[in-house]
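Enquirer: Just passing along the structure, written as C-alpha cells.
In this note's numbering, the protein residues as written are 189 to 594.
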C-alpha cells in the first residue's frame, strides 16, 4: 500500500497588491520562485511545492481557493505575504477554503541592508506588515491553520513545514476513506463507542459494520496452494518457530493464520478500505483470533484497533501516513498500567496480539502461545522486542483507546 503517493502537492500562494508598481510585482514573483525552488530541494519536505501566480485581487484569491478545493492532488495551501496584501481581499477565498492551510510568516531576505535601506526596499519586503495582516484575518475568521514563523532557509522552519505537510497529507488521506468494523464494540465498553455520522461530517472518513461471516467467507475461499505459498514466504522473512514450520506439530495453525491473512486482505482490497477493527467477542467461524494477519496488515499501512474502536483505527492510519518514510514505526496499542516512580512516570502499553512489527528492533519471531480469553484456538503471532526511546501516545480527542508511534 502506497501511503504517500508521488503526485501529491501543496500550493504556494504569495500575496501582494498593485500599489507598489509592476516592477515590485515582478520582483515578488522572482523571489517567490527562488523560495519555491529551494523548498523543493529540501529533503525534509515529503511533497512537491507548486508555486501559483502572485495574488493581488480578491477574485484571483477566491478562484485559486476554489480550484484547490477540487484539485485531487492538492493536499493543502501555504500562504506568504511578500508585501502588504490587504486581508479583506482574502476573506471570501478563505471562507470557501476546505483544505489545510499553513501560514508561512517569513521574509525573502534574512538580514536588513542597513547601509543602503530605503522605502523601495521596505515596501517590497513588507512581510512584517503583510503577514501580520494575514494573521489578523485568520484569527478574526477563527481559521484552523498552522503558523510557521522564521526565515525560509532555517532548518527549523523547513522541518515545521515538512511536519505540516505530513499532517495535511493524513487529512487528505482521510477524505473519503473507508474503515470496516467487523462486529460491534466489545461488551459494554464506552470508550470504543462514538457517533460515526458526526465523524464522517467532521473528519471525512466513513465507518460501516460488517458481519464476521463476510470475512469468514473470504477466509474459506482461500486455496490451500495460496496458503502454502504464504507460509513459505513467512519462513523466508521471519524466524519461524520449528513447531510451526512445514512438517512441524503445529504447522496447521500457521496455515490457518495464513488463510485468515489472505481472506482479510482480499476483503480490504476489494472494498478499498484503509483500516478495520475486530473484537474477540465476535469471531464466530474463524479458527483462531487474527494475530499475525493483523500485524502484517498494519505493517503495510492499514489502520487497526481492537474491540471495535474505529476511532483509533482511523488515527493509526493517519499516523501511518504521516510517518511514511521516516525512521521508527507506528502501532496500535492499549494503555494498561502505570509506573509512577520518582525515576520518571511511564505508561505500559500492550495488547493481546496486534502490535505492529514496524516498531520491532530486529527480525520478528513467529510463535504460537495460548490465549486465556477469546475462546479460540491458540493464535499465531509475531514476537519481538522494540527499541527503547521516546514515543508519542495519542488519541482522537478524548474518545479513543490509544496507539503508540516510535
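Just so it is clear, CB atoms sit at the ideal spot from N, CA and C, and this is done for glycine as well.
Owing to the predicted nature of the structure, the values given are computational and were not obtained by experimental measurement.
Could you tell me if residue 451 is buried or exposed, where buried requires 16 or more neighbouring beta carbons within 10 angstroms of its beta carbon?
Expert: Against the chain shown, residue 451 aligns to sequence position 263. Counting Cβ neighbours within 10 Å, residue 451 comes out buried, since at least 16 surround it.
Enquirer: Evaluate residue 383 with the Cβ neighbour count: other Cβ atoms within 10 Å of its Cβ, from every protein chain shown; 16 or more gives buried, anything less gives exposed.
Expert: Your numbering for residue 383 matches position 195 in the chain shown. Per the 10 Å Cβ criterion, exposed.
Enquirer: Please determine if the stretch 245 to 252 and the stretch 358 to 369 are in contact, where contact requires at least 3 C-beta pairs separated by less than 8 Å.
Expert: At 8 Å Cβ cutoff, the stretches do not touch.
Enquirer: What do you reckon, are the CB atoms on residue 542 and residue 482 nearer than 7 Å?
Expert: For the purposes of this step, residue 542 is identified with residue 354 of the chain shown, where counting begins at 1. For the purposes of this step, residue 482 is identified with residue 294 of the chain shown, where counting begins at 1. Cβ distance < 7 Å, so residue 542 and residue 482 count as in contact.
Enquirer: Of the choices 267, 379 and 277, whose alpha-carbon is the least far from that of residue 500?
Expert: Taking the first residue of the chain shown as position 1, residue 500 is located at position 312. Checking every option, the nearest Cα to that of residue 500 belongs to 379.
Enquirer: Just curious, the alpha helix (DSSP H) that residue 267 is in, first and last residue?
Expert: Taking the first residue of the chain shown as position 1, residue 267 is located at position 79. Unbroken run through residue 267 is the beta strand (DSSP E), 262 to 269; no alpha helix (DSSP H).
Enquirer: Measuring straight from C-alpha to C-alpha, what distance separates residue 503 and residue 485?
Expert: Your numbering for residue 503 matches position 315 in the chain shown. Your numbering for residue 485 matches position 297 in the chain shown. Their backbone Cα atoms lie some 15 Å apart in a straight line.
Enquirer: Going by the DSSP bridge assignment, what does residue 291 pair with across the sheet?
Expert: Here residue 291 refers to the residue found at position 103 of the chain shown. Looking at the DSSP assignment, residue 291 forms a beta bridge with 267 and 335.
Enquirer: Going by DSSP, name the residue or residues bridged to residue 523.
Expert: Along the chain shown, one-based indexing puts residue 523 at 335. Answer is 537, bridged to residue 523.
Enquirer: Starting from residue 324, trace the alpha helix (DSSP H) in both directions and tell me its first and last residue.
Expert: Here the question's residue 324 lines up with position 136 in the chain shown. Looking at the DSSP string, the run of the alpha helix (DSSP H) that includes residue 324 is 315 to 328.
Enquirer: Count the other C-beta atoms from every protein chain shown that fall within 10 angstroms of the C-beta of residue 593, then say buried if there are 16 or more, exposed otherwise.
Expert: As a position in the chain shown, residue 593 is number 405, starting the count at 1. Model confidence at residue 593 stands at a pLDDT of 48, short of 50, so the residue's coordinates are unreliable; what they give is reported in the following sentence. With 16 or more Cβ atoms within 10 Å of its Cβ, residue 593 is classed as buried.
Enquirer: Do you know offhand how far residue 588's Cα is from residue 217's?
Expert: As a position in the chain shown, residue 588 is number 400, starting the count at 1. As a position in the chain shown, residue 217 is number 29, starting the count at 1. With a pLDDT of 40 at residue 588, under the threshold of 50, the modelled position of that residue is not reliable, and no figure is offered here.
Enquirer: Starting from residue 255, trace the alpha helix (DSSP H) in both directions and tell me its first and last residue.
Expert: Within the chain shown, residue 255 is the residue found at index 67, counting from 1. From DSSP, the alpha helix (DSSP H) with residue 255 extends over 246 to 258.
Enquirer: Taking just the CA atoms, how far does residue 387 sit from residue 530?
Expert: Locating residue 530 in the chain shown gives position 342, where the first residue counts as 1. Locating residue 387 in the chain shown gives position 199, where the first residue counts as 1. Cα to Cα, the separation comes out at about 40 Å.
Enquirer: Among all the DSSP beta bridges, which residues are the ones paired with residue 395?
Expert: Position 207 of the chain shown, counting from 1, holds the residue named residue 395. 367.
Enquirer: Could you pull out every residue in the same chain whose Cβ sits closer than 6 Å to the Cβ of residue 467, ignoring the five residues on either side in sequence?
Expert: Looking up residue 467 in the chain shown gives position 279. 371, 374, 495 and 496, listed in sequence order.
Enquirer: Less than 8 Å between C-beta atoms, sequence neighbours within five positions excluded: which residues of the same chain meet that for residue 226?
Expert: As a first step, residue 226 is located in the chain shown; it is residue number 38 there, counting from the start. Excluding sequence neighbours, residue 226 sits near 340 and 341.
Enquirer: Which one of 414, 569 and 267 has the shortest CA to CA distance from residue 322?
Expert: On the chain shown, position 134 is the one that residue 322 refers to. For the residues 414, 569 and 267, the minimum Cα distance to residue 322 belongs to 267.
Enquirer: Residue 479 to residue 318, Cα distance in whole Å?
Expert: Position 291 of the chain shown, counted from the start, is the residue given in the question as residue 479. Position 130 of the chain shown, counted from the start, is the residue given in the question as residue 318. Spanning the two alpha carbons is a distance of roughly 55 Å.
Enquirer: Here's the rule I'm using: 16 or more other beta-carbon atoms within 10 Å means buried, otherwise exposed. How should residue 521 be labelled?
Expert: Translated into the one-based positions of the chain shown, residue 521 becomes position 333. It is buried - the Cβ of residue 521 has at least 16 other Cβ atoms within 10 Å.
Enquirer: In this structure, does DSSP put residue 448 in helix, strand or coil?
Expert: For the purposes of this step, residue 448 is taken as the residue at position 260 of the chain shown. Residue state, collapsed to three classes: helix.
Enquirer: For the stretch 453 to 497, list the alpha helix (DSSP H) runs that are entirely contained and at least 4 residues long, ordered along the chain.
Expert: Counting whole runs of 4 or more residues, the stretch 453 to 497 contains the alpha helix (DSSP H) stretches 480 to 487.
Enquirer: Does the beta-carbon of residue 233 have 16 or more other beta-carbons within 10 angstroms, so that it is buried, or is it exposed?
Expert: Start at 1 with the first residue of the chain shown, and residue 233 comes out as number 45. By the neighbour-count rule (16 or more Cβ atoms within 10 Å), residue 233 is buried.
Enquirer: State the Cα-Cα distance for the pair residue 273 and residue 298, rounded to the nearest angstrom.
Expert: Residue mapping note: residue 273 aligns to position 85 of the chain shown, counting from 1. Residue mapping note: residue 298 aligns to position 110 of the chain shown, counting from 1. Cα-Cα distance, rounded: 20 Å.
Enquirer: Excluding the 5 residues preceding and the 5 following residue 584 in the sequence, name in chain order all residues of the same chain whose CB lies nearer than 8 Å to its CB.
Expert: Taking the first residue of the chain shown as 1, we reach residue 584 at position 396. For residue 584, where only same-chain residues beyond five positions count, the Cβ hits under 8 Å are 499, 500, 502 and 503.
Enquirer: Using beta-carbon positions only, say whether residue 455 and residue 403 come within less than 7 Å of one another.
Expert: Walking along the chain shown from the start, residue 455 turns up at place 267. Walking along the chain shown from the start, residue 403 turns up at place 215. Yes, these two residues count as a Cβ contact at 7 Å.
Enquirer: Is DSSP giving residue 507 helix, strand or coil here?
Expert: Here residue 507 corresponds to residue number 319 of the chain shown, with the count starting at 1. It is helical.
Enquirer: Could you check whether the stretch 286 to 296 touches the stretch 255 to 271, counting it as contact only if at least three pairs of C-beta atoms, one from each stretch, sit closer than 8 Å?
Expert: Touching, yes, given that three or more Cβ pairs across the two stretches are closer than 8 Å.
Enquirer: Classify residue 200 as helix, strand or coil using the three-state DSSP reduction.
Expert: What you label residue 200 is simply residue 12 of the chain shown in a count that begins at 1. Three-state result, residue 200: strand.
Enquirer: Residue 278: buried (16+ other C-beta within 10 angstroms of its C-beta) or exposed?
Expert: The sequence position of residue 278 within the chain shown is 90, counting from 1. Classification for residue 278: buried.
Enquirer: Grouping DSSP H, G and I as helix and E and B as strand, with all else coil, what is residue 279?
Expert: Counted from its first residue, the chain shown places residue 279 at position 91. If DSSP states are grouped into helix, strand and coil, residue 279 belongs with the helices.
Enquirer: How long is the line joining the alpha carbons of residue 474 and residue 436, rounded to whole angstroms?
Expert: Here residue 474 is taken as the residue at index 286 of the chain shown, counted from 1. Here residue 436 is taken as the residue at index 248 of the chain shown, counted from 1. Approximately 22 Å between the Cα atoms of the pair.
Enquirer: Under the rule that 16 or more other beta-carbon atoms within 10 Å means buried, what is residue 221, buried or exposed?
Expert: By one-based count along the chain shown, residue 221 stands at place 33. With fewer than 16 Cβ atoms within 10 Å of its Cβ, residue 221 is classed as exposed.
Enquirer: Suppose you measure from the CA of residue 488 to the CA of residue 512; what does that come to, to the nearest Å?
Expert: Against the chain shown, residue 488 aligns to sequence position 300. Against the chain shown, residue 512 aligns to sequence position 324. In a straight line, the C-alpha of residue 488 is about 11 Å away from that of residue 512.
Enquirer: Output the boundary residues of the alpha helix (DSSP H) element that contains residue 417.
Expert: The residue labelled residue 417 in the question sits at position 229 within the chain shown. Counting along the chain, the alpha helix (DSSP H) containing residue 417 begins and ends at 412 to 425.
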